[in-house]
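Structure record follows, encoded as structure tokens.
There are 2 protein chains.
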Amino acid sequence: MTAMPKSQVAAEHAQTGLSVELGRETPLQLDCGVSLGPFTLAYQTYGTLNEERSNAVLLCHALTGDQFVVGPHPVTGKPGWWELMVGPGKTFDTDRYFVICSNTLGGCMGTSGPKEINPTTGRPWGLDFPVITIRDMVKAQAMLLDHLGIEQLFCVSGGSMGGMQALQWVASYPERCFTAVPIACAAKHSAQNIALNEVGRQAIMADPEWREGRYQELGRNPVGGLAVARMAAHITYLSESALHRKFGRALQDRSNVTYGFDADFQVESYLRYQGQSFVERFDANSYLYITRAIDYFDLAADYDGVLANAFRGVDTRFCVISFTSDWLYPTSENRAIVRALAAAAANVSFVEVVSDKGHDAFLLDEPDMFETLRGFLSGAATKRGLSSP
Amino acid sequence: MTAMPKSQVAAEHAQTGLSVELGRETPLQLDCGVSLGPFTLAYQTYGTLNEERSNAVLLCHALTGDQFVVGPHPVTGKPGWWELMVGPGKTFDTDRYFVICSNTLGGCMGTSGPKEINPTTGRPWGLDFPVITIRDMVKAQAMLLDHLGIEQLFCVSGGSMGGMQALQWVASYPERCFTAVPIACAAKHSAQNIALNEVGRQAIMADPEWREGRYQELGRNPVGGLAVARMAAHITYLSESALHRKFGRALQDRSNVTYGFDADFQVESYLRYQGQSFVERFDANSYLYITRAIDYFDLAADYDGVLANAFRGVDTRFCVISFTSDWLYPTSENRAIVRALAAAAANVSFVEVVSDKGHDAFLLDEPDMFETLRGFLSGAATKRGLSSP
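As given, the protein sequences belong to chains F and Y, one line each in that order.
First residue of the first sequence? That's 1 in this note's numbering, and the numbers climb one at a time after it.
First residue of the second sequence? That's 390 in this note's numbering, and the numbers climb one at a time after it.
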């Protein structure tokens, strides 16, 4: 590991949207067998790395997230995906912690992925980009930490696919994780969730504009298929009760149904908006790659089918959080993680937050989550010798 | 009501796939305000109508079903959708009951719908077909019963959308329903279910081959979009545990993942097959119309928002059946029907069948459902004075 001089870190921070070329000398060995290098990792940081380099927090984003944890987002102008959680005085207190988030490998916000240029051909990668796994994503992040001169993270955390990465981090690099906070996730993707991802992929690949993944070169974009994929997925991020509370059967700007196929119901209008706004910021091929990485995730499979074996002898302190109304990664999946950690005699606390907001609760205003996590982090920070803000 | 001579009934039965032209003199007044007539209703019958015309059972099919309750299906060659339930000695015993099932208005198996020829223009209706409702479907069925000379049904039953029709039958024509058996349904479509239907519609309408609904005239077919719609819907017909039991994370004819976008997992292969086989037998515009009718269903809305008012003074005996793992029309929705019936002092029995097969359980081998229903029907048949087979 080669630590980067602090002056270089500071210089990069002056830009909006940092990125670094990695793997030029030692390429990234992907699970599929391909050696990837050099490749680019785009990332953002918030707060200041302390002298001891002991206050770094790596946040791992979910399927459609990116490195812009705190906004405004450079494409949408909207707040970051964890604006409620990260900032001065917030749960991940940037007065105390140095927060890092990188765009995932295969993503579409500056990190190498199907949308970026393949240096060998000078054309966009498209489907020539190698298929990646959650472990590959984590390996790339580890190379970023090497570059930043961070030996050990104070915390690695994320929700959904971000939580899978947090688990993989501890399994791959236990000594580099002082604490880990996987939220609303699972140690493996279920059959139902593989099926849901497959619907999204089929929607994209059925769009003639997808052109076998070569749409960029041809100046096309399978926005129709991508919007449908997003709409289908979006339903799984919410709960039935949240949809009922927000929309019920309320009509959209009309007093009676129109007996047609316009968006009569508010929930239809909302869903169409979700689809349309998504395609303005996301790449269809990235959607294929990242959902595939999630499908492939089965942490126990790498450890003789015994999840506890992934965590044997680990000193990392865990806080696992689930939500009562999450049906994508229900509490039962999170509890399976907790059971495995207990079986490995790991240090774990587990909280099931009561919420009707479904899977997306991890992105929303959930005071119980904030308070649980604040307490956990504060105790660990004291243990780690981090100064109070 | 004009009773059809029995000889004519017999003549029609000699054909495969019966159909009748209705509404020539008195058109069907649709909820959207359009008068539809003449229109065709395609139907099948099983068993023999008794002299008293008192043993008729109307079965109402679900979204993608049709009149072929018992197979072989003329298009697919497969068994009918309720082969397990209907036949000599079965729950709906064709030695005792005269079973009728008509293809729903808006459907694509011979009944007037977007796929059929608009008599005014001589071209397929496409989106010029009027948008229909569950109540319209039921009105059309009532006209068929008039044609067949059946004053009162011994039973009206169906699962899913078929159950909605059974409820609507009692609300619209209480004196014509001796018993009603709504299975795995709801008295209104929820926000989540409207959203799920909307995803399917958007998948179809996003397919460029859909051509604003005019694909038939243009010799095209939006099979890609329709297959995606089916795949998304199919997941909702199963349960997480059924998918886990059937497929888990098992791979399809391979020992390792391929790091590609082929169907690595059995559940993907299964889902693709469901999508592909569906498009061979179903029409994309019919899918739009029928899902829309389901979205619009809100029985209480026609009765001052009080569901019980739909059933006041009704003598019909009800048997309501739900399944523990059905998350499309969960037990809570079925219980709401039962509560309303109880509030209207109706005669109702309710059984929640323990099953891990999800919504589709109503089509599958569920001995508890068969036995519950057999007992209910047998008691009612005795009361009605139907002779034993």
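Even glycine gets a Cβ: it sits at the ideal position worked out from N, Cα and C.
Under 7 Å by beta carbon: chain F residues contacting residue i
i: A682 of chain Y; result: Under the 7 Å cutoff, chain F gives no residues; its nearest Cβ is about 10 Å from A682 of chain Y.
i: K780 of chain Y; result: Since the first residue shown for chain Y is 390 and the last is 778, residue 780 of chain Y is missing from the structure and cannot be characterised.
i: V617 of chain Y; result: V199, Q202, A203, A206, V228
i: Y685 of chain Y; result: V257
Backbone CA spacing between residue i and residue j [nearest angstrom]
i: V138 of chain F; j: T316 of chain F; result: 17 Å
i: S501 of chain Y; j: D525 of chain Y; result: 12 Å
i: A595 of chain Y; j: E198 of chain F; result: 18 Å
i: F686 of chain Y; j: G551 of chain Y; result: 12 Å
i: G23 of chain F; j: P38 of chain F; result: 5 Å
i: E629 of chain Y; j: L196 of chain F; result: 11 Å
i: R643 of chain Y; j: I134 of chain F; result: 21 Å
i: N118 of chain F; j: P130 of chain F; result: 11 Å
i: V338 of chain F; j: F700 of chain Y; result: 50 Å
i: D128 of chain F; j: P114 of chain F; result: 7 Å
i: F671 of chain Y; j: Q665 of chain Y; result: 11 Å
i: A431 of chain Y; j: P463 of chain Y; result: 13 Å
i: D356 of chain F; j: M231 of chain F; result: 20 Å
i: D715 of chain Y; j: A575 of chain Y; result: 12 Å
i: G496 of chain Y; j: P416 of chain Y; result: 18 Å
i: V742 of chain Y; j: G768 of chain Y; result: 20 Å
i: R335 of chain F; j: N221 of chain F; result: 41 Å
i: W169 of chain F; j: V228 of chain F; result: 32 Å
i: G71 of chain F; j: G77 of chain F; result: 7 Å
i: G436 of chain Y; j: V488 of chain Y; result: 6 Å
i: N444 of chain Y; j: C490 of chain Y; result: 14 Å
i: D368 of chain F; j: T91 of chain F; result: 11 Å
i: I132 of chain F; j: V306 of chain F; result: 23 Å
i: S776 of chain Y; j: G702 of chain Y; result: 28 Å
CB contact check: residue i to chain Y, cutoff 8 Å
i: Q192 of chain F; result: yes
i: V138 of chain F; result: no
i: Y215 of chain F; result: no
i: F265 of chain F; result: yes
i: M164 of chain F; result: no
i: D66 of chain F; result: no
i: H244 of chain F; result: yes
i: L271 of chain F; result: yes
i: T2 of chain F; result: Residue placement at T2 of chain F is flagged as unreliable, the pLDDT there being 41, under the threshold of 50; the coordinate-derived value follows with that caveat. False, the Cβ-Cβ gap to chain Y never drops below 8 Å.
Neighbour list for residue i in chain F, Cβ cutoff strictly below 9 Å
i: G608 of chain Y; result: None at all; the shortest Cβ gap to chain F is about 17 Å.
i: P597 of chain Y; result: D207, P208, E209, G224
i: E629 of chain Y; result: S190, A191, Q192, N193, W327, P330
i: L533 of chain Y; result: Within 9 Å Cβ-Cβ: nothing; L533 of chain Y doesn't reach chain F, min ~23 Å.
Beta carbon proximity, residue i to chain F, threshold 8 Å
i: S767 of chain Y; result: no
i: V520 of chain Y; result: yes
i: M758 of chain Y; result: no
i: E657 of chain Y; result: yes
i: S777 of chain Y; result: no
i: G496 of chain Y; result: no
Chain Y residues whose Cβ lies nearer than 8 Å to that of residue i
i: I290 of chain F; result: None at all; the shortest Cβ gap to chain Y is about 12 Å.
i: C32 of chain F; result: Y648
i: I235 of chain F; result: Q581, A584, L585, V588
Cβ separation of residue i and residue j, assumed to be a contact under 8 Å, to the nearest whole Å
i: F178 of chain F; j: Y97 of chain F; result: The pair is not a contact, with the Cβ atoms about 11 Å apart (cut-off 8 Å).
i: A344 of chain F; j: A308 of chain F; result: 4 Å
i: R249 of chain F; j: K577 of chain Y; result: 7 Å
i: A779 of chain Y; j: W599 of chain Y; result: One cannot answer for residue 779 of chain Y here, as it falls past the ends of chain Y, which runs 390 to 778.
i: P266 of chain F; j: Q252 of chain F; result: Reading off the sequence shown, one finds Gln at residue 266 of chain F, where the question assumed Pro. The Cβ separation is near 5 Å, so the contact holds.
i: Q141 of chain F; j: N103 of chain F; result: So it is not a contact: roughly 10 Å between Cβ atoms.
i: A731 of chain Y; j: F247 of chain F; result: Contact doesn't hold; Cβ gap of about 29 Å is too wide.
Under 7 Å from the C-beta of residue i: neighbouring residues of chain Y
i: A232 of chain F; result: V588, A621
Heavy atom of the ligand GTP within 7 Å of residue i beta-carbon
i: A191 of chain F; result: Looking at this structure, you won't find the ligand GTP or any other ligand, since it has none at all.
The segment 309-332 of chain F: positions lying closer than 7 Å to chain Y by Cβ
none
Using a Cβ cut-off of 7 Å, which residues of the segment 82-99 of chain F contact any Cβ in chain Y, in chain order?
none
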